[in-house]
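From first to last, the protein sequence lines are chains A and B. So in the numbering used here, spot 159 of the first sequence is number 632, and the numbers just go up one at a time. So in the numbering used here, spot 167 of the second sequence is number 640, and the numbers just go up one at a time.
Protein chains: 2
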Amino acid sequence: MPVELTLTALPGIPLVQAGDDLPELIIASLERIPLRLVDGDVVVLAQKIVSKAEGRRVDLNTVVPGSEALNLAEETGKDARLLHVILGESAGVVRSRPGLVIVEHKLGFICANAGVDHSNVSGHPDGDWVLLLPEDPDASASRMRSALENHFHARLGVLVIDSHGRAWRNGTVGVAIGVAGFPAVLDLRGEPDLYGDALRVTQVGAADELAAAASIVMGQAGEGRPAVLARGWPYSLGEGSLKDILRPEEMDLFR
Amino acid sequence: MPVELTLTALPGIPLVQAGDDLPELIIASLERIPLRLVDGDVVVLAQKIVSKAEGRRVDLNTVVPGSEALNLAEETGKDARLLHVILGESAGVVRSRPGLVIVEHKLGFICANAGVDHSNVSGHPDGDWVLLLPEDPDASASRMRSALENHFHARLGVLVIDSHGRAWRNGTVGVAIGVAGFPAVLDLRGEPDLYGDALRVTQVGAADELAAAASIVMGQAGEGRPAVLARGWPYSLGEGSLKDILRPEEMDLFR
């Protein structure tokens, strides 16, 4: 049988509200197909539904920007209140220019706007809401994993993903920001190539590749298809963490 | 029916030699499954089999390194002959340090070693061979597309992919270096989000996301599964090129 990976968008997941039981929504969707999770399945969640369930929204009308945000607003032309929220989520600004703020997020990765999102958060007439990333996406993934493993009695992986821009290349791609039960980076060091030579490519961004794959079927229009089942992952599952993916600053030539 | 994307490694593709008819090998593999390509299918090819079929190998024993390669060898500790080949494939060195050379490839993208590969090229006892990237991967993809479209009478996409390291994040991921009949970057500008607000994320790295997805089922051990069929791409096909993916230097904050 050929090696085959299938990415299935889970249907019928409703708009998520703070306090919703996400595992219950995933299980209900799987029953709708119907599909039972089995050993080796990986569930990929868009950051947005995780953040919403965790109540990670902020009303910009309640934000009083500090001096750093005001200065950055002057430079970039962006909303000072939004920048105040972004700076609160960041360890530091990496690059900025008109219209663009790239930061090191408190969680350790480099991304635009600290992942703070203004789209698909409206629909609340009583405010000007933005959505922050989950506070601890590894922990979010881990809670989902436990709930699904208990329900299906199977060994599963869970990813929480977002879309990031990149250096050098146009277009955003899905990347993992939270990992549970899944090898974030796959170490193929020492495996021989076809001729028995040691492989030179040693570390594969496994979670990021699967995040990109899932991102394709999620689409970009927000919560339409915010959860994806990946079946047929051709390697073993394992334990992993966002931390495995983050290159230490002193090893990074591009900050 | 749920949105579903399936990535199938094409079985039984032999070790490729210079001059081999790649479309013929792909068609033979598809017949082995058996599977007929249909409108919207995308065939993803590992750079390595394209380069081999195009005879893009160089025997390091025939290379006399110039002064730039000798200087870079001193700095990085790498083989001066290999560096001479890398420099010949490059528009310039972006970063270097012991053990590492990151260049702008002549084709326009940033990557380590100009994509010159030492692994899986041995098996030729009469030399010390390395493999260059295809001379024009868009053209390679285009030739494959024409051959497959003529054979299957279907509208198809083709990607030629490689694995690249990235700024900030550990692990390589599959990226597109050649595109035919496929929207390299998907422009979602203007499409409303769930609440009717304009989407802020406008450009999706479609070809790179599909490259990453295909890379998962290819694995890393060279030519074992060097071609993948992607079925269920949820957007329209279109015309695209590597050039669409390359961020112009003056727009890039990370060189």
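Glycine residues also receive a C-beta, built at the ideal position from the N, C-alpha and C atoms. Only a predicted model underlies this, so the values are computations on that prediction, with no experimental measurement involved.
Determine, for residue i, whether the minimum Cβ-Cβ distance to residues of chain B falls below 8 Å.
| i | result |
| --- | --- |
| N544/A | no |
| D512/A | no |
| W602/A | no |
| A457/A | Since the first residue of chain A shown is 474 and the last is 728, residue 457/A is not available in this structure. |
| T549/A | no |
| G572/A | no |
| A690/A | Looking at the sequence provided, one finds Val at residue 690/A rather than Ala. Yes, because at least one Cβ of chain B sits closer than 8 Å to the Cβ of V690/A. |
| A686/A | yes |
| G713/A | no |
| D494/A | no |
| R568/A | yes |
| L429/A | There is simply no residue 429/A to check, as chain A begins at 474 and stops at 728 in what is shown. |
Quick one: is residue i near chain A, going by C-beta distance under 8 Å?
| i | result |
| --- | --- |
| N534/B | no |
| D609/B | no |
| D725/B | yes |
| R554/B | no |
| R628/B | no |
| P699/B | no |
| L683/B | yes |
| A564/B | no |
| I583/B | yes |
| G678/B | yes |
| G644/B | yes |
| I718/B | yes |
| E477/B | yes |
| I486/B | no |
| P707/B | yes |
| I634/B | no |
| I575/B | yes |
Mind checking whether residue i and residue j have CB atoms under 8 Å apart?
| i | j | result |
| --- | --- | --- |
| H495/B | A526/B | Note that residue 495/B corresponds to Leu in the displayed sequence, not to His. Yes, Cβ-Cβ distance for L495/B and A526/B is below 8 Å. |
| V631/B | V537/B | no |
| L606/A | A657/A | no |
| G711/A | F655/A | yes |
| L719/A | R642/B | yes |
| E682/B | A585/A | no |
| L702/A | D514/A | yes |
| A564/B | E577/B | yes |
| S688/A | G644/A | no |
| P707/B | L478/B | yes |
| A700/B | I486/B | yes |
| I650/A | P610/A | yes |
| S524/B | L604/B | yes |
Tell me, to the nearest whole angstrom, how far the beta carbon of residue i is from that of residue j; I am working on the premise that it is less than 8 Å.
| i | j | result |
| --- | --- | --- |
| I522/A | V476/A | Not really, about 30 Å apart at Cβ, beyond 8 Å. |
| V425/A | G713/A | One cannot answer for residue 425/A here, as it falls past the ends of chain A, which runs 474 to 728. |
| A627/A | L510/A | 5 Å |
| A482/B | R728/B | Actually they are not in contact, since the Cβ atoms of A482/B and R728/B sit about 35 Å apart, beyond 8 Å. |
| G528/A | G550/A | Wrong, their Cβ atoms sit about 30 Å apart, outside the cutoff. |
| V589/A | E562/A | 6 Å |
| V574/A | L545/A | 7 Å |
Decide yes or no for the touch test of the region 636-646 of chain B against the region 609-628 of chain B: beta carbon pairs closer than 8 Å, at least 3 of them. no
Indicate whether the contact test is met: 3 or more Cβ pairs, each with one atom in the region 530-539 of chain A and one in the region 553-565 of chain A, closer than 8 Å. yes
What are the residues of the region 646-658 of chain B that lie near chain A, defined by any Cβ-Cβ distance shorter than 9 Å? V646, G647, V648, A657 and V658
Residues from the region 500-525 of chain B in contact with chain A, defined by Cβ distance under 8 Å: I506
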